[in-house]
Amino acid sequence: MMTSPELFSIECKRCGRKHIFDQPYPYHAGFADQGFLYNDAGNLTFVWSMLDPVFEEIFPGKALWTMNLYHRWRFEKMLLPAPFGGLWRFRNPARCIQCAKPISGPMLRSIHYLVYPESIMTDQDKQLRLKEHLKNTA
Ligand SMILES: [Zn+2]
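FYI, the working numbering numbers position 124 of the sequence shown as 848, with every residue one higher than the one before it.
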């Protein structure tokens, strides 16, 4: 199969399954002040902006890399579950869709992220929509 230069592909080291992502390279979260999480199944990505007013409100003045265990736990609890494949968690890696072997690290270990089909990007089109993905705790 030919891969166009706009698509990034990564092969699973265990089973050899080739994954093609609709992105030119693994995105660098730091360049855009983004955070990202994968679901438990490791086949969906959730991306948000640290500049999102809701994030600012919950964690004033916190950068993602200064969030401690408690902050991360709190944030995970606030998020609605992923559309499928479990919950969004900081410890979840991106996984092979065939054998579930990790193919890219979680945010705590990797600044780069992969975007699976049907992922949730809350900071696209110049809008910050993290709030829509939080549980209604009011
Ligand atoms: Zn695999």
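Ideal Cβ placement from N, Cα and C applies to all residues, glycine included.
The three-state reading of DSSP puts TYR837 in strand, counting E and B together. In this structure, PHE770 places its C-beta atom within 8 angstroms of the C-beta atom of PHE760.
Around the beta carbon of ASP849, a 10 Å sphere encloses fewer than 16 other beta carbons of the protein chains shown; the residue is thus reported as exposed. One alpha carbon belongs to LYS855, the other to PRO841, and they sit about 21 angstroms apart. Around the beta carbon of ASN792, fewer than 16 other beta carbons sit within 10 angstroms, so the residue counts as exposed. Under the DSSP assignment, TYR794 falls in the alpha helix (DSSP H) whose first and last residues are 793-802. Burial check for LEU775: the Cβ neighbour count within 10 Å stays below 16, so the residue is exposed. Excluding its 5 nearest sequence neighbours in each direction, CYS820 has C-beta neighbours in its own chain below 6 angstroms: CYS736, ARG741 and ILE827, listed in chain order. For ILE844, same chain residues with a beta-carbon under 6 angstroms away, outside a window of 5 residues either side, are PHE770 in chain order.
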